[in-house]
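Just below is one structure, and these are the notes that go with it.
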Amino acid sequence: MIDNLEAAKSANVHHIIPVVAGGPDVPENLITLCEGCHSEAHRDMKHIHESNPELLGKLREVVCEDD
Numbered sequence: 001m002i003d004n005l006e007a008a009k010s011a012n013v014h015h016i017i018p019v020v021a022g023g024p025d026v027p028e029n030l031i032t033l034c035e036g037c038h039s040e041a042h043r044d045m046k047h048i049h050e051s052n053p054e055l056l057g058k059l060r061e062v063v064c065e066d067d
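Rendered as structure tokens:
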């Protein structure tokens with residue numbers, strides 16, 4: 001999450017679970033990140049999506065529990 005004014009200038013909205021990985025396009029699946037953290041989140045999610053589908057399923061359960 002964004003914790004300083006400089007980072008807020010490059011704010012990005014990020015899907016916690018990407019839509020292409022089955023994440024919903026709803027506010028509960030969104031977070032605001034600075035540009036650097038957003039890039040890092042995508043690198044990490046690619047690793048989770050490719051190497052640990054069970055963890056992705058658990059993340060989906062948490063984010064999508066009300067769907």
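In case it helps, the UniProt record's numbering puts the sequence shown at residues 1 to 67.
Where a beta carbon is used, it is the ideal one built from N, C-alpha and C, also for glycine.
| Terminal residues of the continuous beta strand (DSSP E) containing Ile31? | Here residue 31 corresponds to residue number 31 of the sequence shown, with the count starting at 1. Boundaries of the beta strand (DSSP E) harbouring Ile31: 30-33, taken from the DSSP string.
| request: State the CB to CB distance for the pair His15 and Leu30, rounded to an integer number of angstroms; the pair is presumed to be in contact (CB under 8 Å). | output: Position 15 of the sequence shown, counted from the first residue, corresponds to residue 15. Position 30 of the sequence shown, counted from the first residue, corresponds to residue 30. The pair is a contact, with the Cβ atoms about 6 Å apart (cut-off 8 Å).
| Unbroken beta strand (DSSP E) run spanning Val13, endpoints | Here residue 13 corresponds to residue number 13 of the sequence shown, with the count starting at 1. Looking at the DSSP string, the run of the beta strand (DSSP E) that includes Val13 is 12-15.
| Option nearest Val13 by Cα separation, candidates Lys58, Leu55, Glu28 | Numbered from its first residue, the sequence shown carries residue 13 at position 13. Comparing Cα positions, the closest option is Glu28.
| message | Using a Cβ-Cβ cutoff of less than 8 Å, which residues in the same chain neighbour Ala41 once the five nearest sequence positions on both sides are dropped? | response | To locate residue 41, count along the sequence shown from 1; it is residue 41. His14, Leu33.
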